[in-house]
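S.K.: The following block contains the structure, expressed as structure tokens.
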Amino acid sequence: MNNLEKLNQAFVDAFAIDKKYLKDLVYKGVSNWDSVGQMVLIANLEEAFDIEIKSDDIMDINSYKAAVLILMRKYNISF
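Following UniProt numbering, the numbering of the sequence shown begins with 1 at its first residue and continues without gaps.
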């Protein structure tokens with residue numbers, strides 16, 4: 001599985017949504033993306049990429065696009 005597939009799977013598993021909706025997904029954009037959903041997403045991302053996301057970054061991951069940018073810039077993950 002490549003990095004984009006890992007990212008997509010982390011979001012799909014966290015929020016039980018179809019991956020065709022991911023690019024426009026934002027915090028509270030689906031009912032499952034609440035504070036608990038946020039922590040599920042973070043755990044999924046940490047496991048998928050074998051990283052530990054810093055607390056400041058946890059709150060900044062408030063959309064699919066933000067997740068891509070943060071993972072690229074701060075964790076050297078390429079997509």
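Cβ atoms here follow ideal geometry from the backbone N, Cα and C, with glycine treated the same way.
Everything numeric in this text was worked out from a predicted model, so none of it was measured.
1) Around the Cβ of Ala10, are there at least 16 other Cβ atoms within 10 angstroms (buried) or fewer (exposed)?
2) To which residues of the same chain is Tyr27 closer than 8 Å at the C-beta, ignoring the five residues directly before and after it?
3) Given a cut-off of 8 Å, decide if Val40 and Ala14 are closer than it, judged by their beta-carbon atoms.
4) Can you find the residues in the same chain that come closer than 6 Å, C-beta to C-beta, to Val12, ignoring five residues on each side of it along the sequence?
5) Is the distance from the Cβ of Asp57 to the Cβ of Ile70 below 8 Å?
M.R.: Based on what the coordinates show:
1) buried
2) Trp33, Gln38, Asn62, Ser63
3) yes
4) Lys19
5) yes
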